[in-house]
Amino acid sequence: MRTEVAIIGAGPAGLLLSHLLAQDGIESIVVETRSAEYVASRIRAGVLEHSTVELLDSVGLGGRLRAEGDEHRGIYLQWPEERHHLDFVDLTGCSVWVYGQTEVQKDLAAARSAAGQEIHYEVTDTALHDLDTERPSVSFKDIDGTRQTIEAAVVVGCDGSFGPSRAGIPQTVRESAERVYPYSWLGILADVAPSTDELIYAWHPDGFAMHSMRSATVSRLYLQVPNGTDVSTWSDDRIWDALATRLGHGQNGWRLRPGPITEKSVLPMRSFVQTPMRHGRLFLAGDAAHIVPPTGAKGLNLAVADVAVLAPALLALLRKKDAGPANSYSENALRRVWRCTHFSWWMTTMLHISEDPFDAHLQLSQLRWVTSSEAGAAGLAENYAGLPIGF
Ligand code: RFL
Ligand code: PHB
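With the first letter of the sequence shown counted as 1, position 356 gets the number 374 in this note's numbering; the numbers rise by one all the way through.
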């Protein structure tokens, strides 16, 4: 097989990249280890920042998001006895949208399928070759067991945190920076109307809790739990009790509505950045190059921001024979990556309980400042909702 861009991974980064390239008349082939159904139903991110929504709109992918998503002006930040609303629209002019990654994934898959995009699902043994040459390739075993090779001008690794692309950057060149946190999130999806109009991020001595949502009838909630927590030790009743305690704030008779839990999982949290994001004819985008803890709602948005920078760089490289934007892709993308890495680390360390009581005083002081100073609130709002495309 021969194409211009071989894309490894059909998550949001891979499918959006193939969509953006196709708009510029550039051909690509996508390979993916999982089935289309599995990729479309993975429960993950829920918040799209302003620039993500603008980008999806601008490439014809904003229709269902605008019709079925939910625009939020801001978030609540709380600690026992106090709940404060931060209004991002007042602070920065930017809102965010609650629209599940599952829905973004379905919209992308439908658009690529309508355009006749070649996507090979359920492949195995993906391997990258000749990345230092102008004829790199990707080999894999197709669903029927046939060995295939895609010869391309460029290979893009959009294969998430466990894919093989990251290691395609030679060991002598690559560097990584990592922070592992001493806690995890227990996340649930429940068939119950959200008990809040906007997301609640709650500091509590028992641990962080968060109330998010997917629709008018589906809630998404999280609890800070120790690393290594076995999900089977958390019965539904225990989860709802902990959520009610941590999200309660003793004001206006607010109550958390419990309901049937349909999904339950534990996810560890880490920050990770591998540099550079490009070597020879291999480019990395999304979780393949960087991971953030979910507290800042940045992972999906960063994947979108990477490919928004990469697509025009590949257009210049392949059509205009201008290597400039491709040569500066890593440096350009990493500016936003490090801003979001810092913001996600900051939100995480401000809201999660640690072993050291000194931290709790600093956290509460920071929360009081962010919710009472316009400058403090605007800083959080700009990072959460309003970094411009190309920051
Ligand atoms: P993905 O989505 O992981 O897609 C990578 C794809 O590559 C495939 N793959 C391979 N394909 C071929 N050959 C191989 N050898 C392969 N190895 C792997 C995989 O099967 C997969 O389909 O990465 P991408 O596209 O970079 O997208 C990144 C986002 O998915 C991720 O950052 C977000 O989900 C993170 N995240 C959140 N981000 C937000 O912006 N806002 C949020 O509110 C938010 N909440 C979350 C999150 C992630 C979570 N989890 C479970 C990690 C909440 C959670 C719970
Ligand atoms: C979610 O809805 O899953 C979600 C929302 C905001 C976050 C993390 C996860 O910061």
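All C-beta atoms in this analysis are idealised placements derived from N, C-alpha and C, irrespective of residue type, glycine included. Computed from a prediction, not measured in an experiment: that's the story for all the values here.
For R60 and P343, what's the separation of their Cα atoms in angstroms?
33 Å
When you compare the CB positions of L385 and W97, do they come within less than 9 Å of one another, or not?
yes
May I ask you to list the residues that DSSP assigns as paired with P244?
Y201
Simplified DSSP state of H222, which is helix, strand or coil:
Annotated three-state conformation of H222 is coil, per DSSP.
With a threshold of 8 Å (Cβ to nearest heavy atom), would P312 be considered close to ligand 2?
yes
Can you check whether the CB of L332 is closer than 9 Å to the CB of V174?
With respect to the 9 Å criterion, V174 and L332 are classified as neighbours on the basis of their beta carbons.
Across which residues does DSSP place V156 in a beta bridge pair?
L146, I168
Boundaries (first-last residue) of the beta strand (DSSP E) holding P286:
Note, P286: beta strand (DSSP E), 279-293.
Alpha carbons only, please: which of A323, A234, Q381, Q242 is nearest the one belonging to L34?
Checked all of A323, A234, Q381, Q242; the closest Cα to L34 is A323.
Going by the beta-carbon positions, is the gap between F290 and S383 smaller than 9 Å?
no
Kindly give me the distance between the Cβ atoms of L239 and G225, rounded to whole angstroms, as I take these residues to be in contact under 8 Å.
No, L239 and G225 are not in contact; Cβ-Cβ is about 13 Å, not under 8 Å.
I'd like the span of the alpha helix (DSSP H) that includes D377, first residue to last.
375-390
If you draw a straight line from the C-alpha of E1 to the C-alpha of W221, how long is it?
Since the first residue of the chain shown is 19 and the last is 409, residue 1 is not available in this structure.
Would D75 pass as a contact of A329 if the rule is Cβ separation under 9 Å?
no
Measuring straight from C-alpha to C-alpha, what distance separates E400 and C358?
11 Å
In whole angstroms, what is the alpha-carbon distance linking T142 and A24?
15 Å
Using only the heavy atoms of ligand 1, determine whether one of them is closer than 8 Å to the beta carbon of S157.
Checking every heavy atom of ligand 1 against the Cβ of S157, none is found closer than 8 Å.
Chain-order list of residues whose beta-carbon lies under 7 Å from that of H297 (same chain, five-residue window excluded)
L149, I187, P188, V191
With L302 as the anchor, note down where its beta strand (DSSP E) starts and where it stops.
300-302
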